[in-house]
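> Those protein sequence lines, which keep their order, are chains A and B.
With positions in the first sequence counted from 1, the corresponding number in my numbering is that position plus 21.
With positions in the second sequence counted from 1, the corresponding number in my numbering is that position plus 111.
Beta carbons: idealized from backbone N, C-alpha and C, even for Gly.
Structure in structure tokens, see below.
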Amino acid sequence: EDDEEEEQQQQQQQPQVERMGEAAEVQARQREVAGLLQHGKHREAVKAALQNPPLGSHDQAVKDMNTEVVLNAICSASDSEIDKIVADLYHNSSPDLCDTLVKYIYKGLADRKYCGVLLKWHASAVNMAGLGPVVRAMTDRKTV
Amino acid sequence: MANTLKPYLDCIRTTLTAAMCVRNFPSQIVERHNKPEVEVRGNRELILNPLTVSRNENEMCLIEPSINSVRVSIRIKQADEIEEILTRMFSRFLMQRAEQFVILRRKPMANFDLSFLITHKHLEDMWKHKHLED
């Protein structure tokens with residue numbers, strides 16, 4: 022019986038550990054992206070920000086933090102670079118990153134921040150990747 | 112100001128194109144009934160994530176897709192009270208004649224000025240790109 026109780030306690034602690042792990046991951050990503058932006062490496066910053074989003078996380082604060090990180094990276098890029106970065110994401114990195122990018126674009130538009138910049142990114146992303154990411158943003162149960 | 116209008120409309124156009132993939136889906140709860148799932152909201156499986164496209168703080172367009180219907184709600188920019196009154200009068204005028212418009216909804220959603228409900232029946236009768244042009 023003691024063993025069972027211990028197992029249950031361990032199972033209860035595991036979600037907490039996962040949540041702490043996610044928050045720590047997001048903070049690490051924040052530092053990485055801030056560092057890259059300081060050096061002016063916008064392409065790498067956007068790519069780093071879009072890795073491993075906390076999809077399906079139960080913690081809203083973690084998701085909000087990650088959204089901030091991504092939007093920071095996206096909005097610091099200048100207009101002329103947008104097309105190049107999106108092309109790079111689509112052709113060289115995995116198309117998953119494009120999906121994540123579009124999901125974050127919609128999240129930012131819903132919060133009504135940085136609308137002008139995000140609309141430009143949206144046009145560029147849809148030009149590159151087509152309507153696929155838009156449909157996946159609509160259908161994916163695990164929202165950003 | 113005028114700079115953001117075209118990207119805003121383009122974004123709405125592409126999002127709507129992606130959202131208007133609806134098909135006939137009879138109600139799972141009541142036999143022989145066919146209800147727009149986005150209005151009924153009975154089953155979470157049948158409703159997709161809503162997407163917002165906004166141009167600035169005041170103008171946005173909420174698109175709520177589902178398996179057999181799409182609800183599009185628009186909020187128009189209102190700079191001052193007069194514009195607010197004008198918008199309300201205009202939208203009331205349109206909504207009272209909603210039957211003529213077919214896809215207009217008689218009441219807008221909360222916080223929005225105008226709402227459209229597009230079901231699969233409308234898409235069977237009308238062309239998708241014509242819907243989008245408006």
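Taking Cβ to Cβ, would you say MET159/A is nearer than 8 Å to ALA108/A?
no
> Would you say MET149/A reaches chain B, if we count a Cβ-Cβ gap shorter than 8 Å as a contact?
False, the Cβ-Cβ gap to chain B never drops below 8 Å.
> Within 10 Å of its beta-carbon, does MET171/B have 16 or more other beta-carbons around it, so buried, or fewer, so exposed?
buried
> Among PHE223/B, LYS232/B, GLU156/B, whose alpha-carbon lies nearest the alpha-carbon of THR198/B?
PHE223/B
> Within a Cβ cutoff of 6 Å, which residues of the same chain sit near HIS233/B, ignoring the five residues on either side of it in sequence?
ILE214
> How about SER180/B and GLU156/B: are their beta carbons less than 8 Å apart?
no
> Does the contact criterion of 3 or more C-beta pairs under 8 Å hold for the segment 156-167 of chain B versus the segment 120-134 of chain A?
yes
> At a CB-CB cut-off below 7 Å, which residues of chain A make contact with VAL164/B?
Within chain A, the residues near VAL164/B are LEU130.
> Consult DSSP for THR160/A and reduce its assignment to one of helix, strand or coil.
helix
> Just how far apart, CA to CA, sit PRO154/A and HIS63/A?
22 Å
> Could you tell me which of VAL83/A, ALA55/A, GLN81/A, LYS124/A sits nearest to ALA98/A, measuring between CA atoms?
ALA55/A
> Within 8 Å (strictly less), CB to CB, does VAL137/A reach chain B?
With the sequence shown as reference, residue 137/A is identified as Gly, and Val is not the correct amino acid for it. Yes, GLY137/A lies at the interface with chain B (some Cβ there is under 8 Å from its Cβ).
> Spatial neighbours of VAL91/A within its chain, please: C-beta separation below 6 Å, excluding the five flanking residues on both sides.
Contacts found: ALA70, TYR125.
> Can you tell me which of the three DSSP states VAL141/B falls into?
coil
> What residues from chain A crowd round THR230/B, counting only those whose CB sits closer than 9 Å?
Those within 9 Å of THR230/B in chain A number zero; the least Cβ separation is about 17 Å.
> Any beta-carbon of chain A closer than 8 Å to the one on GLU142/B?
no
> So LEU140/A packs on PRO118/B, CB below 8 Å; how close in whole Å?
4 Å
> Name the residue from HIS143/A, GLU43/A, LEU118/A whose alpha carbon lies nearest to the alpha carbon of GLU65/A.
LEU118/A
> Could you have a look at PRO161/B and say whether DSSP puts it in helix, strand or coil?
In the structure shown, the three-state DSSP call for PRO161/B is coil.
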